[in-house]
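Asks: One structure, pasted below without further comment.
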Amino acid sequence: MKTIRVRYFAMFRENAGIDEETLTIEVSTATDVFEATRGRHGSSEPVGHCKVAINDEMSDWQADISDGDTVLLFPPVAGG
Amino acid sequence: MAIRCFCFRRLLVADVLAVSPDEIDPDSLRRQLFNPRAGAYCGFEGWVRNLNDGHEVLRLEYEAYEPLAIKEGEKVLAEARAEYSLLQAHCVHRTGMLEIGDCAVWVGVSSAHRHEAFQACRYIIDALKVRLPIWKKEHYANGDSGWVNCERCTEHGQSTT
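Chains as they are written, first to last, in the working numbering: chain B, 42 to 121; chain A, 2 to 162.
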């Protein structure tokens, strides 16, 4: 079990109704975090359409998650 | 001496990527790219339009995660600088509520020749749209609103700008 902080943005934040939360869950990768929190962020998107950052660094969905990490879940981006 | 100092300072201006809630002033930004070695300037302005995917749009709301938008944007500018012979490259992206016709994003580059300027400007705006943690919510004439999903736009071969 790892205790991590999860932050939600834009559509994910609106769906979750919260900006962030601390979770103690069994996860190995960033993808595991995305799947474990589907009930919160409510996304029906494939994980590849979304982006993830770990501890304020852009990362990828295969990245390992460590105890104490902050995982930022980004819905599909749409700048410009 | 005064002119030499002026030129030296101009040549050292760093590339800038900014995220701002304030109105974008393209003329003022363009002047910051003046450079005695520049023979070409290329700029891009992304404007808020009133129709998307068949829906009448009243306004757009932009949200950014600024720390990473700036970090990733600076990477894009550095890539453009590495690939093309640029003198300077700047970009500003808006946040907050924007009305029809407002400038949502501005990209400007200067280079010795036009070919590099055109290519770099295109590279930067294309990369910014799909890499920066920035989101936009459309507010429609019928009272609804919705987050724009550029991944789907890309799949359908559409462009949101």
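Backbone N, C-alpha and C fix where the C-beta goes; we use that ideal spot for every residue, glycine too.
If you draw a straight line from the alpha carbon of residue 71(A) to that of residue 76(B), how long is it in whole angstroms?
Replies: Position 70 of the second sequence holds residue 71(A). Position 35 of the first sequence holds residue 76(B). Cα to Cα, the separation comes out at about 28 Å.
Asks: Taking the C-alpha atoms as reference points, what is the distance between residue 69(B) and residue 118(B)?
Replies: In the first sequence, the residue the question calls residue 69(B) occupies position 28. In the first sequence, the residue the question calls residue 118(B) occupies position 77. Rounded to whole angstroms, residue 69(B) to residue 118(B) spans 25 Å at the Cα level.
Asks: Considering residue 114(A), what are the terminal residues of the beta strand (DSSP E) in which it resides?
Replies: Taking the second sequence and counting its residues from 1, one reaches residue 114(A) at position 113. Run containing residue 114(A): none; DSSP gives neither H nor E here.
Asks: Any beta carbon of chain A sitting closer than 8 Å to that of residue 121(B)?
Replies: On the first sequence, residue 121(B) is found 80 positions in, with the first residue counted as 1. So yes, residue 121(B) belongs to the interface.
Asks: Under three-state DSSP, which class holds residue 52(A)?
Replies: Numbered from 1 along the second sequence, position 51 holds the residue referred to as residue 52(A). It is a strand residue.
Asks: Using the Cβ count rule (16 or more neighbours within 10 Å means buried), how would you classify residue 158(A)?
Replies: As a first step, residue 158(A) is located in the second sequence; it is residue number 157 there, counting from the start. For residue 158(A), the predicted structure reports a pLDDT of 42, less than 50, and the residue's modelled location is therefore unreliable. The matter cannot be settled from this model.
Asks: Kindly list the residues whose CB is nearer than 8 Å to the CB of residue 21(A), restricted to its own chain and excluding five residues on each side of it in sequence; keep chain order.
Replies: Working through the second sequence from its first residue, we reach residue 21(A) at position 20. So the list reads 93, 94, 95 and 96, once near-sequence residues are dropped.
Asks: Listing by chain order, which chain B residues have their CB less than 9 Å from the CB of residue 136(A)?
Replies: Reading the second sequence from its first residue, position 135 is the one you call residue 136(A). Here the neighbours are 50, 51, 52, 115, 116, 117, 118, 119 and 120.
Asks: Could you work out which residues of chain B lie near residue 94(A), taking near to mean beta carbons separated by less than 9 Å?
Replies: As a position in the second sequence, residue 94(A) is number 93, starting the count at 1. Under the 9 Å cutoff, chain B gives 120 and 121.
Asks: Note down the Cα distance separating residue 90(B) from residue 48(B), rounded to an integer number of angstroms.
Replies: Along the first sequence, one-based indexing puts residue 90(B) at 49. Along the first sequence, one-based indexing puts residue 48(B) at 7. Cα to Cα, residue 90(B) sits roughly 17 Å from residue 48(B).
Asks: Quick one: complete beta strand (DSSP E) runs, 3+ long, within the region 66 to 117 of chain B?
Replies: Qualifying beta strand (DSSP E) stretches, in chain order: 92 to 95 and 111 to 115.
Asks: Answer with buried or exposed for residue 42(B), where buried requires no fewer than 16 other C-beta atoms within 10 angstroms of its C-beta.
Replies: Position 1 of the first sequence, counted from the first residue, corresponds to residue 42(B). Residue 42(B) should be labelled exposed.
Asks: Which residue or residues does DSSP assign as beta-bridge partners of residue 96(A)?
Replies: To locate residue 96(A), count along the second sequence from 1; it is residue 95. Bridge partners of residue 96(A): none, in fact.
Asks: Go ahead and label residue 142(A) buried or exposed: buried means 16 or more other beta carbons lie within 10 angstroms of its beta carbon, across all protein chains shown.
Replies: Counting from one through the second sequence, the residue named residue 142(A) turns up at place 141. Classification for residue 142(A): exposed.
Asks: Is any beta-carbon of chain B found at less than 8 Å from that of residue 64(A)?
Replies: Mapped onto the second sequence, residue 64(A) falls at position 63. Interface residue, yes.
Asks: Where does residue 116(A) land, buried or exposed, given buried means 16+ other C-beta within 10 angstroms?
Replies: Residue 116(A) sits at position 115 when you count from the first residue of the second sequence. Burial call: exposed.
Asks: Compare the C-alpha of residue 120(B) against each of 17(A), 104(A) and 110(A) and name the closest.
Replies: Residue numbering aside, residue 120(B) sits at position 79 when the first sequence is read from its first letter. Residue 104(A) is the option with its Cα nearest to residue 120(B).
Asks: Based on Cα-Cα distance, which residue from 110(B), 59(B) and 102(B) lies nearest to residue 80(B)?
Replies: Taking the first residue of the first sequence as 1, we reach residue 80(B) at position 39. Nearest of 110(B), 59(B) and 102(B) to residue 80(B), Cα basis: 59(B).
Asks: What does the alpha-carbon distance come out to for the pair residue 10(A) and residue 105(B)?
Replies: As a working note, residue 10(A) is residue 9 in the second sequence. As a working note, residue 105(B) is residue 64 in the first sequence. A caution first: residue 10(A) carries a pLDDT of 37, below 50, which makes its placement in the model unreliable, though a value can still be read off. For residue 10(A) and residue 105(B), the distance between alpha carbons rounds to 45 Å.
Asks: Thinking residue 129(A) and residue 77(A) are a contact (beta carbons under 8 Å), I'd like their distance in whole angstroms, please.
Replies: Counting from 1 along the second sequence, the entry for residue 129(A) is found at position 128. Counting from 1 along the second sequence, the entry for residue 77(A) is found at position 76. That pair is a contact at about 6 Å.
Asks: Measuring only the C-alpha atoms, how far is residue 57(A) from residue 137(A)?
Replies: Position 56 of the second sequence, counted from the first residue, corresponds to residue 57(A). Position 136 of the second sequence, counted from the first residue, corresponds to residue 137(A). Answer to the nearest angstrom: the Cα atoms are 15 Å apart.
Asks: Measure the beta-carbon distance from residue 96(B) to residue 110(B) and round it to whole angstroms, keeping in mind my assumption that it falls under 8 Å.
Replies: The residue labelled residue 96(B) in the question sits at position 55 within the first sequence. The residue labelled residue 110(B) in the question sits at position 69 within the first sequence. Right, their Cβ atoms sit about 6 Å apart.
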